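*Asks:*
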Amino acid sequence: MRYDTIVSLFKNSDGKYNPRTHKHNAEPILIDSLFANVTDLGLKNQVQLLGGIKQGSKTIRFKEKVANDWDYLTIDEDDRKYRFISSLNVQKGYAVIVGEDVG
1 MRYDTIVSLF
11 KNSDGKYNPR
21 THKHNAEPIL
31 IDSLFANVTD
41 LGLKNQVQLL
51 GGIKQGSKTI
61 RFKEKVANDW
71 DYLTIDEDDR
81 KYRFISSLNV
91 QKGYAVIVGE
101 DVG
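Numbered according to UniProt numbering, the sequence shown spans residues 1 to 103.
1. Could you tell me whether any Cβ in chain E is nearer than 9 Å to the Cβ of Asp-78?
2. Could you work out which residue in Arg-80, Ala-36, Lys-16 is closest to Val-102 when comparing CA atoms only?
3. Residue 106 by DSSP, collapsed to three states: which one?
4. Using 10 angstroms around the beta-carbon of Ser-87, count the other beta-carbons present and answer buried if the total reaches 16, otherwise exposed.
5. For the stretch 84 to 98 against the stretch 14 to 33, are there 3 or more C-beta pairs whose distance is under 8 Å?
6. Does the Cβ-Cβ distance between Ser-57 and Val-98 come in under 9 Å?
7. How close, in whole Å, do the beta carbons of Asp-69 and Ile-31 come, if the pair is a contact with beta carbons under 8 Å?
As structure tokens, this is what we get:
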């Protein structure tokens, strides 16, 4: 298994007022960028794990468990955002199922 895709984990900003810039904080906060193995979630597995078919679902495998304090992730500097759906128990590393954020 190759860990050849860069996955960036982000947290939404707090939206608090910044008196120095005279604006509200709106930029997302980058928590971490990690190499991961990214694959599309097959139709059979989607029905078993999610109870239906969801467009844009992916399985992301990390070498070790990642922090749970992220709101969304991006894959290889793509503009699409993916949100956490579920995690999987795997023998090696840590795997999560994410779905494309449409809103």
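Positions of the beta carbon are idealized from the N, C-alpha and C atoms, including for glycine. In this text the structure is predicted, and so the values were computed from the model without any measurement.
*Replies:* Taking the coordinates as given:
1. The structure shown contains no chain E, having only a single protein chain.
2. Arg-80
3. Residue 106 lies beyond the range of the chain shown here (1 to 103); nothing can be said about it.
4. exposed
5. no
6. yes
7. 7 Å
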